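Enquirer:
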Amino acid sequence: MAITSDLVKHLRQLTGASIALCKKALEETAGDMDRAMALLKKSSEALASKKEGRSTGSGLIESYIHGVGKVGVLLELRCETDFVARNAEFKTLAHDIALHIAGVKPGYIDQNHVPEEAKEEAKRLFLEEAGSLGKSKEMTERIVAGKMEAHFREVSLLSQQYVKDPSISVEELIKRHIAHFGEKIEVTRFVRYEV
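For the sequence shown, the positions run 0 to 194 when numbering that gives the first Met the number 0 is used.
#1: Rounded to whole angstroms, what is the Cα-Cα separation between D164 and Y107?
#2: Tell me the DSSP secondary structure of V72 in three-state form.
#3: Roughly how far, in whole angstroms, is the beta-carbon of S57 from the beta-carbon of C78, given that I think they are within contact range, below 8 Å?
#4: Rank A129, E115 and L76 by C-alpha distance to the C-alpha of K90 and give the top, closest one.
#5: Which value, in whole angstroms, describes the spacing of the CA atoms of E26 and H179?
#6: Taking the C-alpha atoms as reference points, what is the distance between K104 and R191?
#7: Less than 7 Å between the C-beta atoms of L39 and A19, yes or no?
#8: Whole angstroms is fine: what's the gap from S135's alpha carbon to N111's?
#9: Leaving out five residues before and five after V7 in sequence, what residues of the same chain have Cβ atoms less than 7 Å from its Cβ?
#10: Quick one: residues in its chain with C-beta nearer than 6 Å to the C-beta of T80, no 5 flanking neighbours on either side, listed in chain order?
#11: For L126, tell me which candidate among A97, I167 and E140 has the shortest Cα-Cα distance.
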């Protein structure tokens, strides 16, 4: 299959990857759009893992007030350089994440940021619930562990399905932008207010 510029543009619109990466992915997959998207996703995850140890010395604070002023969000999104922090696409990413936080109400950045008290309280509640099922101790422990994993994945920002595109998580959205900018990007904190 011939790799046309329209096909490359379409893949770029879907993934946000550079034109060169899109063209390379399409060439490697003989024009198969689904396989090219999977290849780009894999390469953006690999790039993101390489950037993991870098420090994020720049960034921005994004504020978002939803609708009639009943919900507000402050988000700190960090990157490595001021050049990226001032980029319009980075500002759009910060705005989109703040919009997601306003709508979906995550409680934590990721499961590593969940306080021990919250874990203990959830474990206590899930133990009570699972204990009433009359299962063995080992089975009850597995049920509780599974419920805790699912609960904290559901209330953690990075593992939530992105509100504007439920086919990806917020973490995948950020990884795509890491691949696009070639810099580490991370959510360092957020606060959601609701009247």
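Backbone N, C-alpha and C define an ideal beta-carbon position, used for all residues, glycine too. Small disclaimer: the values here were computed from a predicted structure and weren't measured.
Expert: On the basis of the coordinates in this document:
#1: Counted from its first residue, the sequence shown places residue 164 at position 165. Counted from its first residue, the sequence shown places residue 107 at position 108. Rounded to the nearest angstrom, the two C-alpha atoms are 20 Å apart.
#2: Position 73 of the sequence shown holds residue 72. DSSP places V72 in strand when its eight states are reduced to three.
#3: Within the sequence shown, numbered from 1, the residue matching residue 57 stands at position 58. Within the sequence shown, numbered from 1, the residue matching residue 78 stands at position 79. S57 to C78, Cβ: 6 Å. Contact.
#4: Along the sequence shown, read from residue 1 onward, the residue named residue 90 stands at position 91. Checking every option, the nearest Cα to that of K90 belongs to L76.
#5: Numbered from 1 along the sequence shown, position 27 holds the residue referred to as residue 26. Numbered from 1 along the sequence shown, position 180 holds the residue referred to as residue 179. Using only the alpha carbons, I get a separation of about 19 Å.
#6: Reading the sequence shown from its first residue, position 105 is the one you call residue 104. Reading the sequence shown from its first residue, position 192 is the one you call residue 191. Roughly 7 Å between the two C-alpha positions.
#7: Start at 1 with the first residue of the sequence shown, and residue 39 comes out as number 40. Start at 1 with the first residue of the sequence shown, and residue 19 comes out as number 20. Not closer than 7 Å, so no.
#8: Counting from one through the sequence shown, the residue named residue 135 turns up at place 136. Counting from one through the sequence shown, the residue named residue 111 turns up at place 112. Going by the C-alpha atoms only, they are around 29 Å apart.
#9: Residue 7 sits at position 8 when you count from the first residue of the sequence shown. Hits under 7 Å: I18, C21, K22 and L25.
#10: Taking the first residue of the sequence shown as 1, we reach residue 80 at position 81. These residues qualify, in order along the chain: S57.
#11: What you label residue 126 is simply residue 127 of the sequence shown in a count that begins at 1. For the residues A97, I167 and E140, the minimum Cα distance to L126 belongs to E140.
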